[in-house]
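Throughout the sequence shown, residue numbering follows mature numbering (1 follows the signal peptide of the UniProt record, and there is no 0), covering -24 to -1, 1 to 132 in sequence.
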Amino acid sequence: MSSVPVYRSIFLCVLSVVVREASCGYQTGYDSGIGNEIAHTVEVIRHVPIPVYRHETVPIPSSVPVPIPHPVAVPIPQPYPVHIKVPQPVAIPVVKTIHVPVEKPIPFPIERLVPYHIEQPVPIPVEVNIPVKIPRPVPVKVPVYKVVVHHSKHWH
């Protein structure tokens, strides 16, 4: 379970990369000694074991009490309601007579009186011949006159 083999394999990989870079650097130097290997590296491939954990349940012979916190009711100081019997007033119907004054219009004359002269009827004497029956025999040629007064103006 220790991490030492993991660090060792990482160290070997880094070391091999450094040595390979160093050998390439010498080959491209002044002489360019191609084909002359100064160092030879060998890659070591090693499998690193990775631990795989398995979840296993352990049976418990008896139940374990787990405390569950319950909310605690804390009293808050408030005014205590006190019920007092109050007699309720009873509504009594009151009948009132309301007189609404109605404005009555005062009549006034629309037509204006204009003084003008009125002709009074004047009696006019008119002479009219009216035959009067006489029960006695009278000569035909004798006229009988009678004066009649008319108040109408059509008899002129």
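By construction, the Cβ of each residue, glycine as well, lies at the ideal position given by its N, Cα and C atoms.
Cβ neighbours of I86 within its own chain (closer than 6 Å, five residues either side excluded): none. In the DSSP assignment, V125 forms a beta bridge with P101.
At least 8 Å separates the beta-carbon of P101 from that of H127. Here the alpha carbons of P37 and P57 stand approximately 55 Å from one another. Between V104 and V124, the C-beta gap is smaller than 8 Å, which places the two residues in contact.
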